[in-house]
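K.L.:
Numbering (the numbering used here), first residue to last: 137 to 443.
Supplied in structure tokens, the structure appears directly below.
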């Protein structure tokens, strides 16, 4: 490959990554916006239902792969269930926390991936890894500002989502060597869709339960305007996922990793635009520490795989 061709691929990958991250941030803002009026499970259901279409088209037309073929159906289903709870916790944290704070805590999942890879995939972790993990966790503590009650419960929900996402990514590492990208994304989306659908009847079975009263589980009639917005969330999510996936196919993750963390910046801008949320020093400092730690972990992984 010529130098000019390589440069073009790199610029294209960066463009796709930035565009995908911006769309992802926009989708998060729309989730926060609609969660004031509609249950989380209903938004999640539409997110997965509409997001399924671009995933299938991408697999069939671009990758020319069978999205439904898998050699590890049981593992795909388990990963989907974990992903459902991860996304549910993420949506709940977006509903309650300031947008940039919720996104920053989710991105802290980067620091948990090496630990899970060490436990389940037997990957080695050197001293630099452990130091970066501890530093990243210090950033998490700075954002959550533990006091007498140790943690804000909603922050714990966001951290739970980050850990579950890290588990999901660790499973993708394993599945990536055995199944194609289309099938992994397809089964994740379908399982989340089915799980979200199964929660809806709970509104009629237990109408006075905490989850229903807090608009976490349930269903409400949608006027056309709100239906269009919620469908847009699914479409944006599916396109953003495909853009970032294609970006990682074009160039090294080390080149793209810094742009992934722009989601905090975009979320901060959108949070200010829609809700006049102004990030405080704790959030800015903690996010900076998490970003630095995450980038260092990714750099260490690149060095190990390059050897």
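Cβ atoms here follow ideal geometry from the backbone N, Cα and C, with glycine treated the same way.
#1: Grab me the residues of residue 342's own chain with a C-beta within less than 8 Å of its C-beta, minus the 5 sequence neighbours each way, in chain order.
#2: Taking residue 294 as the reference, which of 230, 411, 362 has the closest Cα?
#3: Pick from 279, 249, 330: whose alpha carbon is nearest that of residue 268?
#4: Label residue 364 either buried or exposed according to how many other C-beta atoms from any shown protein chain fall within 10 Å of its C-beta, with 16 as the threshold for buried.
#5: Is the Cβ-Cβ distance between residue 375 and residue 190 less than 8 Å?
#6: Quick one: any contact between the stretch 170-188 and the stretch 292-306, if contact means 3 or more CB pairs under 8 Å?
#7: Using C-beta distances below 7 Å, list every residue in its chain close to residue 256, excluding the 5 sequence neighbours before and after it, in chain order.
#8: Suppose you measure from the CA of residue 266 to the CA of residue 247; what does that come to, to the nearest Å?
#9: Residues in its own chain within less than 7 Å of residue 154 by CB, not counting five upstream and five downstream?
#10: Within 8 Å, do at least three Cβ pairs link the stretch 159-172 to the stretch 311-330?
#11: Which residue's Cα is closest to the Cα of residue 274: 426, 222, 432, 431?
#12: Mapping DSSP to helix, strand and coil, what is residue 266?
#13: Assuming residue 300 and residue 366 are in contact, meaning their beta carbons sit under 8 Å apart, how far apart are those beta carbons, in whole angstroms?
#14: Please classify residue 197: is it buried, with 16 or more other beta-carbons within 10 angstroms of its beta-carbon, or exposed?
#15: By the 10 Å Cβ neighbour count, where 16 or more other Cβ atoms means buried, how is residue 432 classified, buried or exposed?
#16: For residue 178, count neighbouring Cβ atoms within 10 angstroms of its own Cβ and tell me buried if that reaches 16, exposed if not.
#17: Can you tell me whether residue 351 is helix, strand or coil according to DSSP?
#18: Beta-carbon within less than 8 Å of residue 242's beta-carbon, same chain only, minus the 5 sequence neighbours each way: which residues are those?
#19: To the nearest angstrom, how far is it from the Cα of residue 254 to the Cα of residue 212?
#20: Compute the beta-carbon to beta-carbon distance between residue 353 and residue 338, rounded to the nearest angstrom, for a pair I have assumed lies under 8 Å.
#21: Residue 237 lies in the alpha helix (DSSP H); which residues open and close that run?
P.N.:
The relevant details are as follows:
#1: Same-chain partners within the cutoff: 348.
#2: The shortest C-alpha to C-alpha distance from residue 294 to any of 230, 411, 362 is the one to 230.
#3: Considering only alpha carbons, the answer is 249.
#4: The residue in question, residue 364, is exposed, as its Cβ has fewer than 16 Cβ neighbours within 10 Å.
#5: Contact annotation: residue 375 and residue 190 have beta-carbon atoms nearer than 8 Å.
#6: Of all C-beta pairs linking the stretch 170-188 to the stretch 292-306, fewer than three are shorter than 8 Å, placing the two stretches out of contact.
#7: Counting only Cβ-Cβ distances below 7 Å, and skipping sequence neighbours, we find 306.
#8: Between the C-alpha atoms of residue 266 and residue 247 there is a straight-line separation of about 9 Å.
#9: For residue 154, where only same-chain residues beyond five positions count, the Cβ hits under 7 Å are 395, 398.
#10: Contact annotation: the stretch 311-330 does not touch the stretch 159-172, with fewer than three C-beta pairs closer than 8 Å.
#11: It is 426.
#12: Here DSSP, grouped into helix, strand and coil, assigns residue 266 to helix.
#13: Actually they do not touch by this definition, with Cβ atoms about 23 Å apart.
#14: So residue 197 counts as exposed.
#15: Per the 10 Å Cβ criterion, buried.
#16: Residue 178 should be labelled buried.
#17: Here residue 351 sits in coil by DSSP.
#18: Result list for residue 242: 226, 229, 294, 297, 298, 301, in chain order.
#19: Whole-angstrom Cα-Cα distance: 21 Å.
#20: Indeed, because the Cβ distance is near 5 Å, the residues count as touching under 8 Å.
#21: Element bounds for residue 237: 235-243.
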